[in-house]
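Numbering (our numbering), first residue to last: 1 to 280. For every residue, glycine included, the Cβ atom is placed at its ideal position computed from N, Cα and C. Comments concern the structure below.
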């Protein structure tokens, strides 16, 4: 789709079907053409990443944008909450995609990311009284989006939908943990402390179990490894619970799966083990 905007044309590219590698190649060609770059003058397609290398707020155009008020930042997250609360499944998916972006400072402003991340990690965060994003995300992380695997919907679009929802929830969780861990003044610990027992006894064992089942959902296991690394560095009780859940065995199993099938998983598990060893 092409949209005429002030000063130029906005190009939107969507992948509705087909494999991701072909889409990336075609997408880069379309974007090059939109920028007036010919095939002969462009760099090899495989060498040009499509992901962002800078936070949105650090890009040159961001300096020309007006600053948002705290209320406007909060309103962005409230819009996402309304999508998550909708009875429409397509709105739910859009809401989870939005939440994954809003917890990632490379894709939104830091102020918005902090508000969204606190609502993900703290059930009593401001705004969660209307719709509790924490409960919604944690329910997806713990139980998934439904029972498609046991109700005759295996290998269908519904099965893909439920898997995708949980994957986005796991991404939002790992983003939120990483962002608050990077803040000064023990921001993450302050956020987790009121519910530390729940994180220790409920969430940590589920994340460790994800590593054991990495062969089924390796992408989810990548986010589990990231989350476990951040949680283990945050508090000794969380690290101790990981040892009780036999994280070492789960990590070894996931790392082996990663070496055979999913390089990102092997790298994330290796980083997790290194970070947890350093934190002890």
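{"Item": "I'd like the span of the alpha helix (DSSP H) that includes residue 16, first residue to last.", "Value": "First-last for residue 16: undefined, no H or E at that position."}
{"Item": "In chain order, what are the residue ranges of uninterrupted beta strand (DSSP E) at least 3 long that sit wholly in the segment 71–120?", "Value": "none"}
{"Item": "Exposed or buried, what is residue 273 when buried is set at 16 or more other beta-carbons lying within 10 Å of its beta-carbon?", "Value": "buried"}
{"Item": "List the DSSP bridge partners of residue 3.", "Value": "10"}
{"Item": "Short of 7 Å in beta carbon distance, which residues of its chain neighbour residue 229, apart from the five on each side in sequence? Order them along the chain.", "Value": "271, 272, 275 and 276"}
{"Item": "Output yes or no for whether 9 Å exceeds the beta carbon distance between residue 191 and residue 116.", "Value": "no"}
{"Item": "Please list, in chain order, all residues of the same chain as residue 242 whose beta carbon is under 7 Å from its beta carbon, the five residues on each side excluded.", "Value": "204, 208, 228 and 232"}
{"Item": "Compute the distance between the beta-carbons of residue 189 and residue 249, then report whether it is under 9 Å.", "Value": "no"}
{"Item": "In three-state DSSP terms, what is residue 30?", "Value": "helix"}
{"Item": "Does DSSP put residue 43 in a helix, a strand or coil?", "Value": "Note that residue 43 has pLDDT 48, beneath the 50 cutoff, so the model's placement of it is unreliable and the number below is only indicative. It is coil, neither helix nor strand."}
{"Item": "Alpha carbon to alpha carbon, how far is residue 79 from residue 70? Give it in angstroms, no decimals.", "Value": "15 Å"}
{"Item": "Please classify residue 2 as buried or exposed, where buried requires at least 16 neighbouring CB atoms within 10 angstroms.", "Value": "exposed"}
{"Item": "Would you call the CB atoms of residue 100 and residue 171 closer than 9 Å?", "Value": "yes"}
{"Item": "State the DSSP-derived secondary structure class of residue 171, mapped to helix, strand or coil.", "Value": "helix"}
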